[in-house]
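For reference, the structure is listed below as structure tokens.
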Amino acid sequence: MPMGCCAQVWGRLSISFGRKWIMITGISLFELGSLIAGVSRSMNMFIGGRAIQGIGGSCIQSVVMIITTEITTIDKKPIVFSCLSLTFVVASVIGPIIGGSFGTYATWRWCFYLNLCCGAIIFPFFVFSYRPKPPTGTFKDKLKTVDFFDNFLLIASCILVLLALSFGQTGTTWRSASVISCFTLSGILFISFGIYNSYSKYPALPTNIITNPNIFTSFMVFTLNASTFMVLVQFLSVYFQNIIGYDSLHTGLSLIACAVSTSITAIINGILMTKFGHIKIFCLCSGFLLPISVGLMVLLGTHKNTGFSIGFQILLGVSCGLNFQGPMMGALIHAPKEPGSSILTTAWMNFGRNMGAAFFSELAGAIYTGSLKAGIKDIQNEIDEDEYPIGEIITRTDLIQQLNNHDKELVLGKVLRSVHNVFWLGLGISIAALVFTVFMSGKKMPKQSEETKESESEESQVEQV
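In the working numbering, the protein residues as written are 392 to 856.
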């Protein structure tokens with residue numbers, strides 16, 4: 392939740408206090424959260440540590456993209472964005488492998504201790520290697536350039552809608568007071584944010600950015616493409632673990648085909664985009680391939696088919712890799728010329744990616760849980776509950792592999808149907824991404840000389856803010 396909800400605020404803070412100090416803050420929060428989660432002795436302490444991690448992680452993701460936008464010329468941006476996308480893909484796919492290895496051969500706490508080790512190397516390297524001009528003005532003056540109430544309304548509305556989706560997946564029913572209250576309050580706060588934001592002197596979401604049709608279409612493509620990828624990777628993991636019966640380590644290994652194909656395609660796409668300057672054509676190729684790759688996923692069955700799973704993942708990786716940097720480039724070349732607009736546009740795009748992934752992951756989880764509960768209820772009378780009660784099977788799907796063959800086939804069929812329902816959601820998201828891709832601007836990337844003059848002008852203006 393914090394990863395998605397807090398991404399936008401860092402753009403404005405980085406303008407006011409400088410990218411370097413905000414990045415230092417983000418790294419510090421992430422490391423603090425990792426430490427708390429790693430040494431946690433209770434679930435509440437663990438959740439608190441993870442929440443702090445999420446806040447720091449959202450800062451790191453946003454500010455890394457912002458710094459990259461500032462320090463690279465237009466002809467290098469596609470390649471650099473491709474490299475940043477690789478870290479996103481590798482973390483999503485390789486993470487379960489590392490985590491599974493720690494869980495199997497050491498302790499889960501090393502999943503968080505590893506972050507501390509990496510931070511000890513990265514932190515001093517960043518501090519001494521990145522030396523931008525510090526922003527002018529006193530600390531009090533800088534605080535005045537951030538509308539904290541505006542950001543609070545945005546963050547609170549996002550958190551409440553995600554909480555509502557999360558509550559609906561647990562024992563709480565969708566008609567319960569907690570779920571309805573969260574949805575209602577989220578709507579009220581979001582409407583209040585929309586009104587307040589339009590009159591704010593330093594809005595969290597500048598209207599000249601979010602109402603720009605070219606930026607908006609790129610934003611939607613970026614958000615929906617990333618959301619499709621995250622939902623598919625998440626529930627391919629569920630498929631391999633709950634249906635095929637893999638442990639977390641082998642589940643991660645089974646997703647390598649997706650990671651490799653995505654990485655290679657993203658790099659090639661960055662090179663081609665740099666060479667020819669076209670953006671939309673690659674996004675369109677991705678837009679047409681993505682629904683096909685997602686639709687093919689419903690052919691996966693209860694028995695392992697290595698050829699299908701690898702082939703479908705490669706197609707998914709190619710389609711997503713073609714679209715990782717295109718929408719970001721499409722938004723940046725249409726960013727307004729006002730001071731800090733490129734920074735806020737970058738933060739807006741990252742907010743969409745993180746929030747979209749969080750929202751659709753929660754929605755996918757709700758669909759999966761609801762479908763599984765309904766499916767298990769249909770076959771309840773056909774299952775022997777003497778060994779494992781049906782309610783325990785729903786909450787602990789690892790027990791499925793211990794059922795007798797008859798019960799196992801019945802339950803696996805319902806689990807597979809629930810996973811397929813999530814794939815249908817992914818298909819809908821990918822089709823929506825295709826629709827927005829059609830309406831993206833066909834403008835090519837400007838020449839390096841033109842972009843350099845504009846970036847130098849904006850940089851000098853931002854330093855004066």
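Just so you know, even glycine gets a beta-carbon here, dropped at the ideal spot from N, CA and C.
Inter-stretch contact at 8 angstroms, needing at least 3 Cβ pairs: the segment 619 to 637 / the segment 672 to 679: Three or more Cβ pairs closer than 8 angstroms define a contact, and the segment 619 to 637 falls short of that threshold against the segment 672 to 679.
Give me the Cα-Cα distance between GLY409 and ASN588, rounded to the nearest whole angstrom. Taking the straight line joining both Cα atoms gives about 23 angstroms.
Taking VAL689 as part of the alpha helix (DSSP H), name the residues at either end of that continuous run. Element bounds for VAL689: n/a, residue is neither H nor E.
Under DSSP, the alpha helix (DSSP H) around GLU461 begins and ends at which residues? Here the alpha helix (DSSP H) through GLU461 covers 434 to 462.
If you check the beta carbons only, do SER766 and ARG808 fall under 8 angstroms apart? Per the sequence shown, residue 766 should be read as Gly rather than Ser. Cβ atoms of GLY766 and ARG808: closer than 8 angstroms.
Using the C-alpha atoms, what's the distance from VAL612 back to VAL829? One C-alpha to the other measures close to 10 angstroms.
Taking the straight line between their C-alpha atoms, what separation do you get for ILE662 and VAL709? If I take the Cα positions, the gap works out to 15 angstroms.
Neighbourhood of ARG566 by C-beta distance below 8 angstroms, restricted to the same chain and skipping five residues each side: Around ARG566, the same chain offers no residue with a beta carbon nearer than 8 angstroms, after the five sequence neighbours per side are excluded.
Beta-carbon within less than 7 angstroms of ALA595's beta-carbon, same chain only, minus the 5 sequence neighbours each way: which residues are those? The answer, listed in chain order, is GLN399, VAL400, ARG403, ASP538, ASP541, ASN542, LEU545 and ASN588.
Check this for me: beta carbons of VAL570 and GLY559, under 8 angstroms apart or not? Taking 8 angstroms as the Cβ cut-off, VAL570 and GLY559 qualify as a contacting pair.
Which residues bound the alpha helix (DSSP H) around VAL430? Neither: VAL430 is in no alpha helix (DSSP H) and is coded neither H nor E.
Going by alpha carbons, who is nearest to TRP412 out of ILE451, GLY585, VAL480 and LYS728? Distance check between TRP412 and each of ILE451, GLY585, VAL480 and LYS728 places ILE451 closest, using alpha-carbon atoms only.
Beta-carbon contacts of LEU687 that lie in its chain and below 6 angstroms, excluding the five residues immediately before and after: PHE703.
Which residues mark the beginning and the end of the alpha helix (DSSP H) in which ARG744 is found? Residues 732 to 769.
Coil, strand or helix - LEU554 by DSSP: Helix.
heavy atom of the ligand MN below 7 angstroms from THR736 C-beta: Among the ligands in the structure shown, none appear at all, so the ligand MN cannot be discussed.
Helix, strand or coil at HIS641 [DSSP, three-state]: It is helical.
Work out the CA separation of SER609 and SER832 for me, nearest whole Å. So the alpha carbons of these two residues sit roughly 8 angstroms apart.
For the pair the segment 420 to 432 and the segment 445 to 462, tell me if three or more CB-CB distances fall below 8 angstroms. Judged by Cβ distances under 8 angstroms, the segment 420 to 432 makes contact with the segment 445 to 462, as three or more pairs qualify.
In three-state terms, what does DSSP make of GLN560? It is helical.
Nearest-angstrom Cα distance between GLY643 and SER652? CA-to-CA, the gap between GLY643 and SER652 works out to about 15 angstroms.
Contact set for ARG441: own chain, Cβ-Cβ below 8 angstroms, skip 5 residues either direction: Same-chain partners within the cutoff: GLY424 and ALA428.
Answer yes or no: do THR736 and ALA748 have a C-beta to C-beta separation smaller than 8 angstroms? No, these two residues do not count as a Cβ contact at 8 angstroms.
DSSP state of GLN399, grouped into three classes? If DSSP states are grouped into helix, strand and coil, GLN399 belongs with coil.
Grab the span of the alpha helix (DSSP H) containing ASP532 for me, first residue to last. Under the DSSP assignment, ASP532 falls in the alpha helix (DSSP H) whose first and last residues are 530 to 535.
Over the uninterrupted alpha helix (DSSP H) stretch that includes SER710, give me the two end residues. That run of the alpha helix (DSSP H) goes 697 to 712.
Do LEU681 and SER821 have their beta-carbon atoms positioned less than 8 angstroms apart in this structure? Judged by their CB atoms, SER821 and LEU681 are nearer to each other than the 8 angstroms cut-off.
Residues near HIS669 by beta carbon distance below 7 angstroms, same chain, minus five either side: LYS835, listed in sequence order.
In chain order, each alpha helix (DSSP H) run of at least 4 residues that lies wholly inside the segment 470 to 531: Within the segment 470 to 531, the complete alpha helix (DSSP H) segments of 4 residues or longer fall at 501 to 520, listed in chain order.
Mind checking whether ASN633 and VAL806 have CB atoms under 8 angstroms apart? Yes, the pair counts as a contact, with Cβ atoms nearer than the cut-off.
Helix, strand or coil for THR614, going by three-state DSSP, please let me know. In this structure, THR614 counts as helix in the three-state DSSP scheme.
Excluding sequence positions up to five away, which residues of its chain have a Cβ less than 6 angstroms from the Cβ of MET414? Closer than 6 angstroms at the Cβ level, and outside the excluded window around MET414, lie VAL454.
Taking the C-alpha atoms as reference points, what is the distance between ASP769 and LEU803? Taking the straight line from one Cα to the other gives about 13 angstroms.
In this structure, does DSSP put SER405 in helix, strand or coil? Looking at SER405 - three-state DSSP - the assignment turns out to be helix.
Closest Cα partner of TRP739 within the set THR693, ILE672, SER684 and ILE600: Checking every option, the nearest Cα to that of TRP739 belongs to ILE600.
Are LEU713 and SER684 close, meaning C-beta to C-beta below 8 angstroms? Cβ distance not < 8 angstroms, so LEU713 and SER684 don't count as in contact.
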